[in-house]
Every structure is written in structure tokens, then in C-alpha cells.
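S.K.: The number in the numbering used here is simply the position in the sequence shown, starting from 1, with 805 added.
All residues carry an ideal CB built from backbone N, CA and C; glycine is no exception.
Because the structure is a prediction, the values reported are computed rather than measured.
Following this message is one structure expressed as C-alpha cells.
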Amino acid sequence: MTAVLPETPTAPALPAGPDLRAQGVVLGYDDRVVVDGVDLVVPVGQVTVVVGANACGKSTLLRGLARLLAPRGGSVLLDGRDVHRTATREVARRLGLLPQTPVAPDGVTVGDLVARGRTPHQRWWQQWSAEDERAVREAMAATGVDGLADRLVDELSGGQRQRVWLATALAQETEVLLLDEPTTYLDLAHQVEVLELVAELNATRGRTVVMVLHDLNHAARYAGHVVAMKDGRVVAEGPPAEVVTEELVADVFGLACAVVPCPVSGRPLVVPRGR
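In C-alpha cells form, the structure reads like this:
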């Protein structure tokens, strides 16, 4: 009689996507160090939100991850390769960035600006393609700016411009999206729309997202992984329920608060205590 061996449990499939990490990264401007020796592994296939008080180094860290600011020490690695020693076009095909205060060229239309998101995919022998057309169309529809294609970007409201810039980043169709304050200039309803869109891209397309947000409740609601920074260093990271605590908010933001379960999501909800 042949013995029946128990089945060996199979490990869960890991999400596909690039390995983006910072190792001992030091970043700064002129003689000022802003990010001081940060180690960070971006969770693949998740939404990571970086939080912290003003001037703690959140946006500077994002600029370092995006290859816009060269480290003074340490390195930023993309699948084991230093991004600052990798060709710009190659990095741009894999990392998409929405900076905090993007500036559009004078006289550019919405359609033309979003189409520029396809630049990393162009070649001298292959310019505009049906694939480019599809990517732009889907990005504009997803952000609700498809009706603005012929409008000049300069004529738009701040909220409309922000959605156009997000569409440009989406049209790039990168594996990783780096978003620096993507809800800037948006009213509350449009803030939620943008964050829901980011969550949908993550859930349905497996996009890895790193966002800088000021609103701690938005971070707790939409992040799978929260990174808290203070004075240029990472002081805590992990799931929102582990990071967003009364003690951390007091330490990082200097705010006395109560942290209670959100009645809608069940995630941490920060309620300031006031004086």
C-alpha cells in the first residue's frame, strides 16, 4: 500500500513589480541635510503613504526615490540597480512622478500635456502609436479631464490642473507611481475622488504607489503601509493600525489627540483634543 504524503503548502504568490528601496540615503540642499540616513523598502503592490510635520523631509525623500535629487550618501536602488546610474529614459518608463508644484509650458493644451506622459515610450523610429492613444484616453477618462482636452492648461482652476497632472502621470503607465501631495488645490470631494482613483489603480492593476500626504486621516484610510518621518528620519512604519497611534501623533506632530476606529472603514481616525 502506497503511503499518501501530505501536500506541501505552497507559498502565496508575491505581487509583481519592481523592488524600490533606499539604503542609508542622505539628501539635502546646499549645506543643509534634510533626509539623514534613511533606510526604506517600498512594499511591492501596495499604497505607501509618507507622513510627518512640515519640513521633515517627506517630499525630499520622494525626490530622491524619483531620481530628481542625487544622494550625498547611500543609494536608491531599483531592482538592485542604482537609479542615479541608470539611463533617465529607462527610469522614466518604470517610475512615474507627480511633483508637488508642477509647471506646464505656456500655451499647452490639456491633451498635449497628458500626451507628454508617453515621452519615455517614444523612439526615433516609432513616434505616436495606437497604444499611446489608448493610454492617454484612459488616463484622461480616469481623472475626469477628457472633456478638457482642447482647453489651455493656464485657463484651468487649480483643482482641474491637478487632475490633469495626475492624468499625465497615469498616461506614463509606470509600475510605480510617486505622488507628492496629489490632493493639493482640490476640494474635499475631489480629494476623495483622486484617492479613490489611486486605490483603484492599486487594487485592479497592481500599481505600487508612494504618496506624500499631509492629512493623516487620509493616510490611514488609503494606505496599506504608512511611513512616519521626523527630523529627516523614519521613526515608524507599518500598517496604519500599528503606526497611527496617539503616542506617535503627539511625538511626530506635537498634537494631543484621540485615535478611534473610523465608523466607515474601521481604520484609525485621528480626533484632535484641542486645548
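Taking the alpha-carbon of residue 940 as reference, which of 1029, 953, 926 has the nearest alpha-carbon?
M.R.: The residue you call residue 940 lines up with position 135 of the sequence shown. Considering only alpha carbons, the answer is 926.
S.K.: Measure from the alpha carbon of residue 839 to the alpha carbon of each residue in 1072, 1068, 1067, 860, then state which is nearest.
M.R.: Here residue 839 refers to the residue found at position 34 of the sequence shown. Here the closest residue by C-alpha is 860.
S.K.: Can you tell me which residues form a DSSP beta bridge with residue 1033?
M.R.: Numbered from 1 along the sequence shown, position 228 holds the residue referred to as residue 1033. Answer is 856, 1041.
S.K.: Can residue 1016 and residue 1044 be called in contact, C-beta distance under 8 Å?
M.R.: Numbered from its first residue, the sequence shown carries residue 1016 at position 211. Numbered from its first residue, the sequence shown carries residue 1044 at position 239. Not closer than 8 Å, so no.
S.K.: Confirm, please, whether the CB-CB distance from residue 1014 to residue 845 is below 8 Å.
M.R.: Within the sequence shown, residue 845 is the residue found at index 40, counting from 1. Within the sequence shown, residue 1014 is the residue found at index 209, counting from 1. No, these two residues do not count as a Cβ contact at 8 Å.
S.K.: Do you know offhand how far residue 1011's Cα is from residue 1003's?
M.R.: Working through the sequence shown from its first residue, we reach residue 1011 at position 206. Working through the sequence shown from its first residue, we reach residue 1003 at position 198. Going from the Cα of residue 1011 to the Cα of residue 1003 covers about 11 Å.
S.K.: Going by DSSP in three states, residue 952 sits in which element: helix, strand or coil?
M.R.: If you number the sequence shown from 1, residue 952 lands on position 147. In the structure shown, residue 952 sits in a helix (DSSP, three-state: H, G or I).
S.K.: Taking residue 1111 as the reference, which of 904, 851, 854 has the closest Cα?
M.R.: The structure shown does not extend to residue 1111, since the chain spans only 806 to 1080, so no value can be given for it.
S.K.: Apply the 10 Å Cβ neighbour rule to residue 815 and answer buried if 16 or more other Cβ atoms are within range, or exposed otherwise.
M.R.: Against the sequence shown, residue 815 aligns to sequence position 10. Confidence in residue 815 is poor, its pLDDT being 43 and thus under 50, which makes the residue's placement unreliable; the coordinate value appears in the next sentence. Exposed is the label assigned to residue 815, since fewer than 16 other Cβ atoms lie within 10 Å of its Cβ.
S.K.: Hey, out of 971, 1023, 982, 1000, whose CA is closest to residue 901's CA?
M.R.: Your numbering for residue 901 matches position 96 in the sequence shown. Nearest of 971, 1023, 982, 1000 to residue 901, Cα basis: 982.
S.K.: Under 7 Å Cβ to Cβ from residue 1060, same chain only, skipping five residues before and after it: list those, please.
M.R.: Position 255 of the sequence shown, counting from 1, holds the residue named residue 1060. Here the set comprises 1054, 1077.
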